[in-house]
Each structure stands twice: as structure tokens, then as C-alpha cells.
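Asks:
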Amino acid sequence: MTKTDYDVIVIGGGSTGTAVARDCAMRGLSTLLLERDDIASATVGTCAGMISSGLKYMEEPDIVDMCSAEVVHFNHIARHIIAKDPILTPMLEMSDLSTGGNFAEEYSKRAAERDVPPVLFLTPEDSLEIEPMLNPEIIASMYFEEFFIDPFRLCLLQALDAQRHGADVKTYTEVTDILLEKGAVRGVKVFDRTTGETSEFISSTIVNATGPWAHKIAALAEAPLELRLNKGAHVILDRRVVNVGIVTKAVDGRMIYLFPHENTVLLGTTALDTWEDPDTLTASHDEIEYLIKSMEWVVPSIRDARIIRTMEGVRPLIATWKVPEDDVTRGYEIVDHKTDGVAGLFSFTGGKLVMCRHMAEAVTDLVCEKLGIESECRTDKEPLPGNEDDVDVLALAEEYGISQHTVERMRARRGTETRDILALTRDHPSWKSTICTCEPVIEAEVRYSLRNEFPQTINDLRRRLRVGTGPCQGTFCTYKVAAILAEEKELDSSVANLELLNYLAERWKGKRPSMRGQQLAQEEVVQGLYACVANLDRVVVNYEPGPWEEDA
Amino acid sequence: MSEEEAYEFVKGTLEEEGIVPFHDDELETVKSIENCINCGLCINHCPVVASVGLDRFSGPRSIAVQLTRSPPEYWATADTIYLCTGCGTCREVCPKNVDIPEIVNIVRARIFKTRRDLVPKGLFGVHETLTDYRTAFEPWDDVEEKEASRDMRIERLGLKFVPDRIKDEADVLFYPGCQAEERAQEVREAGKMILEHFGINYTLLEEFNCCGLPARLMGDDETARSLAADLRRKVKALGVSQVVTTCAGCTSSLNDIARRDEWGVPVYHMVEYLVHEVGLDGVRSALKARSDGVLKVTVHDPCHLIRHTSRQTMQDALALLDAVPGVEIVPSGVSDSCCGGGGLVAYHAKDVASAVTQENVGGITHTEAERVVTPCPLCTAQIEASLFRDGSSIEVDDLSVFIAQRLVME
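Here the protein sequences line up with chains Y and S, keeping their order.
The first sequence begins at 50 in the working numbering and counts up one residue at a time.
The second sequence begins at 123 in the working numbering and counts up one residue at a time.
1) Between I486(S) and V495(S), which are expected to be in contact by the criterion C-beta below 8 Å, what is the C-beta distance as a whole number of angstroms?
2) Tell me whether the stretch 296-306 of chain Y and the stretch 362-369 of chain Y touch, counting them as touching only if at least three CB pairs, one residue from each stretch, are closer than 8 Å.
3) Is P489(Y) buried or exposed, if buried means 16 or more other CB atoms sit within 10 Å of its CB?
4) Closer than 9 Å, Cβ to any Cβ of chain A: which residues of the stretch 156-186 of chain S, in chain order?
5) Does the distance from the C-beta atom of A532(Y) to that of D72(Y) stay below 8 Å?
6) Rounded to a whole number of angstroms, what is the C-alpha to C-alpha distance between S79(Y) and A216(Y)?
7) Excluding sequence positions up to five away, which residues of its chain have a Cβ less than 7 Å from the Cβ of C461(S)?
8) Since I believe T211(S) is in contact with P169(S) (beta carbons under 8 Å), could you give me their beta-carbon distance rounded to a whole number of angstroms?
9) Could you give the distance in angstroms between the alpha-carbon of V132(S) and the alpha-carbon of E142(Y)?
10) Here's the rule: buried if 16 or more other CB atoms are within 10 angstroms of the residue's CB, otherwise exposed. What is P497(S)?
11) Can you name the residues of chain S whose CB is closer than 7 Å to the CB of R289(Y)?
12) Which word fits P182(S), buried or exposed, when buried means at least 16 other C-beta atoms lie within 10 angstroms of its C-beta?
13) Given A263(Y), which residues of its chain have a CB within under 7 Å of its CB, disregarding the five upstream and five downstream residues?
14) Check whether the stretch 538-548 of chain Y and the stretch 559-572 of chain Y are in contact - that is, three or more C-beta pairs closer than 8 Å.
15) Spell out a yes or no on whether the stretch 226-246 of chain S and the stretch 340-348 of chain S are touching, meaning 3 or more CB-CB pairs, one atom from each, closer than 8 Å.
16) Mind pulling the chain S residues with CB within less than 7 Å of R355(Y)?
17) Using a cut-off of 9 Å between C-beta atoms, extract the partners of P143(S) located in chain Y.
18) Can you list, in chain order, the residues of its chain whose CB lies under 6 Å from that of G435(Y), leaving out five sequence neighbours each side?
19) Using the DSSP secondary-structure output, state which residues sit across from A282(Y) in a beta bridge.
20) Return the CA-CA distance between S192(S) and R289(Y), expressed in angstroms with no decimal places.
21) Taking the alpha helix (DSSP H) that T169(S) belongs to, which residues open and close that run?
22) I need the DSSP call for P173(Y), collapsed to helix, strand or coil.
23) Using a Cβ-Cβ cut-off of 8 Å (strictly less than) and excluding sequence neighbours within five positions of F170(Y), which residues of its own chain qualify?
24) Beta carbons nearer than 8 Å to chain Y: which residues of the stretch 340-359 of chain S have them?
25) Determine, using beta carbons only, whether D201(S) comes closer than 8 Å to chain Y.
26) For E156(S), which residues does DSSP report across the bridge?
27) Could you please give the first and the last residue of the uninterrupted beta strand (DSSP E) stretch that includes K430(Y)?
28) Starting from K235(S), find everything on chain Y with Cβ-Cβ shorter than 7 Å and list it in chain order.
29) Determine the closest residue to V362(S) out of R230(S), V294(S), T199(S), with distance taken between C-alpha atoms.
30) Out of H167(S), M274(S), C206(S), I222(S), point me to the one whose CA is closest to A186(S)'s CA.
31) For a test of the three-state rule: what should DSSP assign to A601(Y), helix, strand or coil?
32) From the DSSP output, read off the bridge partner residues of D241(Y).
33) Any idea which residues DSSP pairs D217(Y) with across the strands?
34) Work out the CA separation of V589(Y) and A601(Y) for me, nearest whole Å.
35) Between the beta-carbon of R429(S) and the beta-carbon of D383(S), is there less than 8 Å?
36) Strictly under 8 Å for the Cβ-Cβ distance: is Y129(S) near chain Y by that measure?
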């Protein structure tokens, strides 16, 4: 019998929602997490993964304090999916320094607790030694360090850890209504997107952590909620073309960046008020040009770099109007809709990736208070799955006869889980075979994920494994992953083909806006493989093109 | 913190993170790797992949799309990246001109700097020799023994002894390379004989030093750059207008560093020098058959000539052989397949190097050739050893020796 009654229902499987579910479950609440798509499938999946010390909000010291403390917590609970980026802010003229003064001071105040140096200043010669791609005309540069996390793995690990603590996690389950009774919430009505069935879950407490959709979810309970939606684009390069991160002033005086992330570089980001549908948003030509033009002053060769794709996300900012986006607080608010006559509904507005654990702690405190439960938050103390121990990559590579780099990449995603995945190859030696050549990913990890991490689609596997995220953008791994997915889930060939095409279309969504240069040659290979060789464009009959696809 | 202290601190962080910034002169190579479209053409042509399989060596494609994307992870590529023989076949067949052999050196340089413990142990012997003696092979303890070995080789091969020439105001520097200096001394002697024969105003180095190629191939960029700088200084001091070498590896390496470090002096392999500077007609009239009858010869194309310098060099080599009376050239079908001696692979993974040579051994023994000729002392040694192991009686000659043996003596 399916459980239908919960202490708390959390809506939204992004960084905040998964953090809330984890916290609630760890505090012993019976918890249900509902996500209409996959974990980390929207806003958080389009961010740079920076667990920022607060460098853009130095005017808000309390928030900077919070961010800095959260970085320390993340380095404690999730260090296996975190990397440090050294960052240069090259200056071409003295006026580029104008934002530097206050920043340097505020940043340096809190540097020691994160175990990073205060802001340093480097000569042009030394800067060019560190980063020969810089414009030789620079007059100086500022140096600091920030930490970056794999946002997909973070959300998934939070969701998996919530499960371990007894929570139910349901993806592809869309909340279609909020049930009300006597001025309070009673539960939710959901639509199961995989089966097409509807059902109800009962709870007197609902946490609305749906980011840019928060106002729509609140509206289901007839509760008013205002957001200032602001979209941002990232351009993704095929590899780490820069030795270090670069921060610089954009054409309009905003700060933008070039950050090494995993084995790529991210160029971002734009900030535009938006009223578009977050589901079908793509980066625009203007956004891509804005980023390239702005970075070109300090990294002149950036225009020639290979762009593999773009991504576009929507920030759910706290509704502050008639000020530039940069002046809107980067803090968050928890709206208790009790004052709107809807008791038991809490909605988030604002917030940043780095704050997700803090946000979860704050709302879980409120939930516990409401339910009369006394329980201490432990999310900053207990490690996320995989972070329990160090992993000896060289020993594992030797033991299993798998290349060191393959094991190291797996370790960066998995931490201690690496051992469990490699152990699968004892019974199945053929599972050592490479599925994704770029990352790389071996078959054992694909099988492991399918069996333990509830992916439904190839795209879900991409979030969990990084399959298809390299320079070739799924040219060779997609059909292999589709075959494994079909076998594990016992899909018939027409469903598997449709799944394959859906994934290629999803990749196309991000590839199309920036398609140029070398990526055109790459795309020819993709088209040749899937259309000319596999005949996918002929054999899939019930395919509906996405809004971002051009008419045939 | 002062700017100097700041820079030292930042360098410390970069080192901790495993980041060794790319040099200016490496950016072009890094840029070329971005062009890979993962088509896999290179995998089908890589001699190492063909010999040992993708499980042992994941191949040039993986170097482009996987192993070289993130400098902080370069350390983890040591078990793979050192198995590349650097033959350059991948670069030659690549439709996008991706420079795999160069990025391999760039990655090895980073491993050498940040995680020397992961550099194959077999390379440390040659590393020590290079840093101690500035050549790739340990010099002979006893000069008389060295001379005795030289004389034995000269006699066995029927070469003539020409005293060393070290002089000012020479036009040409003859640079035999480490192998010919210390091991295959017959090649050095043959080179001198040829230059002498054609009346070239040449000199040897008073104090020989390695061009730096082996240091570069193992990742010791610092030693490689310092050896290259020494050599540049010596070449400049001599004031020669041309450099001639009998070694294929030195030809490509000297060309690279001469271009990079702006020597302003052209570097030739002996075959190029004979064909283009001396002239084929002059060479032809200076050669005679060594014995009655026709000698069937097959050639081996050194990777460092055909793929790192120019395919034209082997056209020159064939033209030279064609000019020798009593020689018939028999194609082996595998002449441009790597001998396995490249990339220092034979120093630490003999099984891989031997597997790669097997391709040559098979091709050569299937011909009717009685002799293999190749313009490289290193390929000569590698193929000679493999044929011997295989029980073949086919002999291998360095091309310079082969030519010198057939000079008409007064």
C-alpha cells in the first residue's frame, strides 16, 4: 500500500527542495519530495556551480557572512564534489578597480575561515605567467579563490540522503492542485507524468521550493506571491582553455566571469528580467554576444574558443522593483502564507545555490515549530553520500585494471561510491567498457545509476553521470546509453528510439543558439550518425518536436 | 602582502591544484586540440592501439576528448599518456589537424612537474644520464674502449676512418645526435665520410650535447629547454649557416627548437642535404655498387621524418637509394608504420614497444628484401633487435652508413 500521509510535503527537486527534504527527513519528519521533472532539472542545473563566498553582494555583510559559513559547511559535507578555482580579475584601466576596493576588504575579512588567502594583487607580468591568454595590456590583476560544486550531484545526493533517512522522493510527479480545508492546507493533488495517473497526498505542511514557479504553486492555494524573475545565460566551452578563472566588467559595467568547471569552462552570465516560460527558454544571440564581447577585452582569443553549448536559467529573485537587478538582495525570504489565510504553506523567494542548506534549515525550523517537534539540524555535520572517506584512485585503478583517469573522474562524481561501482565489474567484466568517451563513463556506472538513482530518461542519466556533456555532445554515448536504459527498464525499441531522439533534441536546445565554428563540424558527425546511419528521423513516428526545434 | 609574495603564494596554490600554466608557445597546440570532433579516425590508424588494444592504450581520440581537457586531472593520465610513441600518425590522418603528439608532451611535462612519482620508473635512468652528462646515453668510461668499438664497427661495415673535424669558420655543423655519438658510432663516421667526400666545409661540436628531445618526451621540460638553449648558444658561437644531422629524431627536434628559439639557421637531415644541397647528380656519380648482383632493399620511414618533418624527406631517401647502383627497392607495405622506438615507450613498456614493432617485422619478413635501410639510427636499432628476436636474417642499415659504404674511394 502506498503511503499517502506525511508530516511535510516538499515541492521542487532543485537545490533548495532537496536540501529541505534532507533536513526534514534527518529530523525524523515523514517527508515527501515531489518534483514534476527530474532532480536538478531546472534552475540549479543551469548555474555555474559556484558556492560563492558572496562576491557579488559585498553591500550585504550579513549575507556574505552566511555564504562564507555555508562554504565551510559544504567543504565539510561534500568535499568529494567540490573543487577550488583560483580566480584573476585583470584590470585594463584604473576605473576597473572601482568595484575592487570594498570587495577586497569584505572578501579578505572572511577568507581565513574558508582557508583561502585574502585578496591579492599581482603585477601584469605575473598575471600573464599565470594566464597567457590575458590581454598583454593589463595594468594589474586582483586574485582570489572560490569553491565550485557539481550542482547536479549535490541535489541528487541531498535527495538520496533524504531517502536514506526515510523520505519518499517522487520525480515526474507534478503538483496540479493544493488541497485546502478551513484556511489551511490539507495536501496536494498530483499527476504522475510517467503513468498518466492522478492521486492525492495528505499533509498539513507544504514547503514550496519551486524557484521560478513558486508563484504558480502558491496560486494553486490561492495565495499571492510575487517574484522578480531574471534570466541568465551561460556559454560552455569544450575544455579548460584558461588556467584559472577570470572575472571582468561587462559592456554595461556588471561583472561577468569565465570559470573552469569540471572539465569545461563556463562563460557567464547575463541578467535580464524575464516573463518567458522557464521550460522552453534558450540563450539568445544577444546574450551570447554580450558575454563574448565583454570577455574579449581581457581574453582576446575567447571568440575563437570552441563553444559546445549554452544554458539558460531563471533566478527567482525577491520581488524588488524599479532598481537594477544587481541591486536586488541576494538573500532569501520564507513566506508563511498563514497571513494570506493559507496555514501550513511556506514559500521561498530569492536565494542562491550556496544558501540552499541554510534555507532548508530555516524552513525546517519553522515546520518543526509548527508540528511541535524539537529536533536539531544536523545537515551541516553529517556528510553527504560518498564523502565519508578518502578514495585511493591509484589503488582502485590497479585493482580493477581500469585507467587512472577513468577512476579519477568517477571519484570526482562519486567519492566512496566509486568502490561499489567498480565492484560490479567483478561479476560483469564487460561493464568496464567505455560508454561516454569524453568524460569518460563506464557501463558499470550507468547500470549502477539506473538501479540506485531513479533516472527515467537519458537526460536524467546525463545529470547523474555527465554522459554526453563533453565536446562531442553525445555523438557516441547516446545510442549506447539508450541501449542500456532499454535493457534495464525493459523498453521496447520504439520507446527506446523515442527516448534517444528526445535526448538529442534536448541537447539541440542548448547547442543551437551558439552553433558556430568547430561545433558545426561536430554536429555534422551527430547528424550523420543518427539521421543517416541510424535513420532516426524516419523510424520514430510519434515524436513531437520541442518549441526550440525548427519546423522540418 | 607584496606583489612578489602574492605571486609566490599564487604559484603555491596552482601547484597544489595541479595546475601548471600553459606557456605562450604551447597555446597553439592547446588550441588545435579543441578541433577534435571525436570521429575516431585516429584510433583506426594508431599503431599502439592496433598492437595492444584500447583497454591498454585508450588511443589518440581519448587524449583529445578526455585526457587533456582538465589540467588539474593530468596527473591521472600518467598510465596512458606515457604509452604514446609519438609517431604522429593520428595527426596525419586527422581531418581537423589536431596535434596529439604535441599535447602529449605538454601533458607529460605537467605530470613530470607536479607528480613525478607517477612518471614511469623506467625513464629515470635516461633522465639521470641527461642531467648528469647532457646526452641521452651514458658516455664511455674509457675513451680507448670507445675508439676500439668505433674501429670495430668501421671495419665490419667497410667504412673509412676520417679524423674528427672541429674548426672555426665552418659552413655546416654536423650534428650526429646522441645515438650516433655514443652507441651507433658507425653513423657518425659515415656522416663525416659523406661530408668529407663532397668537400663540405663542416665541423663537429667541440662539446656535444643532446638536442633535448628525450627530455621533452619524458616531460622534463626544464632540461629540454636548457639543452636547447645550450645548443643554440653553440650554434650561434660557431656562426655556421647550416646544420646537418643523420638522426631522424634530431631532425624534427632541431627544426622545432630552431624555429621556436629563432636560430635563423636551417636544419637538414643528411638525405635532404645530399639531394637538395649537394645535388642528386653529384651524389649519383660518387656512388658505386658494393658487389656484383642486385641487393634487394626495403625501407623504413622514420616517424620523425615523415610525420614530424616532411613526407618529402622519404622521397629524398628513395631518390638516394635509387641513385645507388645495384640496389632494387622492394616495398614492404608497412614502411611508414612506427617502429615502436618512439616516445621513450621502449624504456618503460617494452611489451608495448615490441608489439608495435611486430607490425614492421611481419611486413618486412614477407618481402624478398635482404636488407632494411632507414635514415635513423634509433629505428635501425629497434628494427634490428626485433628482426633478430624473430629469427630473421635480414640485416638493417642506417641510410647514411649504406651510402657511405658505396662511395667511390680514390
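Ideal placement from N, C-alpha and C gives every residue a C-beta, glycine not left out.
Replies: On the basis of the data shown:
1) Residue mapping note: residue 486(S) aligns to position 364 of the second sequence, counting from 1. Residue mapping note: residue 495(S) aligns to position 373 of the second sequence, counting from 1. At roughly 11 Å, the Cβ-Cβ gap does not stay under 8 Å, so I486(S) and V495(S) are not in contact.
2) Cβ pair count under 8 Å is below three, so no.
3) Here residue 489(Y) refers to the residue found at position 440 when the first sequence is read from its first residue. With 16 or more other Cβ atoms within 10 Å, it is buried.
4) Annotation note: the requested chain A is absent from the structure, which comprises protein chains Y and S.
5) If you number the first sequence from 1, residue 532(Y) lands on position 483. If you number the first sequence from 1, residue 72(Y) lands on position 23. The Cβ-Cβ distance between A532(Y) and D72(Y) does not fall below 8 Å.
6) The residue labelled residue 79(Y) in the question sits at position 30 within the first sequence. The residue labelled residue 216(Y) in the question sits at position 167 within the first sequence. Put simply, the backbone Cα of S79(Y) is about 6 Å away from that of A216(Y).
7) On the second sequence, position 339 is the one that residue 461(S) refers to. Excluding sequence neighbours, C461(S) sits near H422, T479, N482, C501, Q504, I505.
8) Numbered from its first residue, the second sequence carries residue 169(S) at position 47. Numbered from its first residue, the second sequence carries residue 211(S) at position 89. Correct: roughly 6 Å between the Cβ atoms.
9) Within the second sequence, residue 132(S) is the residue found at index 10, counting from 1. Within the first sequence, residue 142(Y) is the residue found at index 93, counting from 1. If you draw a straight line from the Cα of V132(S) to the Cα of E142(Y), it comes to about 23 Å.
10) As a first step, residue 497(S) must be located in the second sequence, where it is residue number 375. Per the 10 Å Cβ criterion, buried.
11) Locating residue 289(Y) in the first sequence gives position 240, counting from the first residue. The contacting residues are R191, S192, P193.
12) What you label residue 182(S) is simply residue 60 of the second sequence in a count that begins at 1. Around the CB of P182(S), 16 or more other CB atoms lie within 10 Å, so the residue is classed as buried.
13) Residue mapping note: residue 263(Y) aligns to position 214 of the first sequence, counting from 1. Closer than 7 Å at Cβ, skipping near neighbours: N257, L274, L276, P365, S396, F397, T398.
14) No: fewer than three Cβ pairs fall under 8 Å.
15) Contact between the stretch 226-246 of chain S and the stretch 340-348 of chain S is present, because at least three Cβ pairs lie under 8 Å.
16) Locating residue 355(Y) in the first sequence gives position 306, where the first residue counts as 1. Chain order gives the chain S residues near R355(Y) as E156, where near means a beta carbon separation below 7 Å.
17) The residue labelled residue 143(S) in the question sits at position 21 within the second sequence. Neighbours of P143(S) on chain Y, chain order: E178, I179, E180, P181, N292, V293.
18) Locating residue 435(Y) in the first sequence gives position 386, where the first residue counts as 1. Result list for G435(Y): H129, R463, G464, T465, E466, in chain order.
19) Within the first sequence, numbered from 1, the residue matching residue 282(Y) stands at position 233. In the DSSP output, where bridge partners are listed per residue, A282(Y) has E361(Y).
20) Numbered from 1 along the second sequence, position 70 holds the residue referred to as residue 192(S). Numbered from 1 along the first sequence, position 240 holds the residue referred to as residue 289(Y). Between the alpha carbons of S192(S) and R289(Y) lies a gap of roughly 5 Å.
21) If you number the second sequence from 1, residue 169(S) lands on position 47. The sequence given here has Pro at residue 169(S), not Thr. For P169(S), the enclosing alpha helix (DSSP H) covers residues 169-174.
22) Residue mapping note: residue 173(Y) aligns to position 124 of the first sequence, counting from 1. In the three-state reduction of the DSSP assignment, P173(Y) falls in the helix class.
23) Against the first sequence, residue 170(Y) aligns to sequence position 121. Taken in chain order, the residues that qualify are A189, S190, M191, Y192.
24) The residues in question: there are none.
25) Residue 201(S) sits at position 79 when you count from the first residue of the second sequence. Yes - at least one Cβ of chain Y is within 8 Å of the one on D201(S).
26) Taking the second sequence and counting its residues from 1, the one referred to as residue 156(S) is at position 34. When DSSP reads this structure, E156(S) sits in no beta bridge, so it has no partner.
27) Your numbering for residue 430(Y) matches position 381 in the first sequence. Segment: none, K430(Y) is in no beta strand (DSSP E) and carries neither H nor E.
28) The count along the second sequence starts at 1 and reaches residue 235(S) at position 113. Chain Y residues near K235(S): none, gap ~13 Å exceeds 7 Å.
29) Reading the second sequence from its first residue, position 240 is the one you call residue 362(S). That would be V294(S), whose Cα lies nearest to the Cα of V362(S).
30) Walking along the second sequence from the start, residue 186(S) turns up at place 64. Nearest in C-alpha terms to A186(S), of all of H167(S), M274(S), C206(S), I222(S), is I222(S).
31) For this step, residue 601(Y) is matched to residue 552 along the first sequence. Because the pLDDT at A601(Y) is just 48, under 50, the model does not fix this residue reliably, and the value given afterwards should be weighed accordingly. DSSP places A601(Y) in coil when its eight states are reduced to three.
32) Translated into the one-based positions of the first sequence, residue 241(Y) becomes position 192. The partner list for D241(Y) (beta bridge, DSSP) reads T222(Y).
33) Taking the first sequence and counting its residues from 1, the one referred to as residue 217(Y) is at position 168. Per DSSP, L81(Y).
34) What you label residue 601(Y) is simply residue 552 of the first sequence in a count that begins at 1. What you label residue 589(Y) is simply residue 540 of the first sequence in a count that begins at 1. Reliability of the predicted coordinates at A601(Y) is poor, the pLDDT of 48 falling under 50, and the value obtained from them is presented with this limitation in mind. If I take the Cα positions, the gap works out to 14 Å.
35) Taking the second sequence and counting its residues from 1, one reaches residue 429(S) at position 307. Taking the second sequence and counting its residues from 1, one reaches residue 383(S) at position 261. Here R429(S) is not near D383(S), since their CB atoms are 8 Å or more apart.
36) For the purposes of this step, residue 129(S) is taken as the residue at position 7 of the second sequence. Yes, its Cβ sits closer than 8 Å to a Cβ of chain Y.
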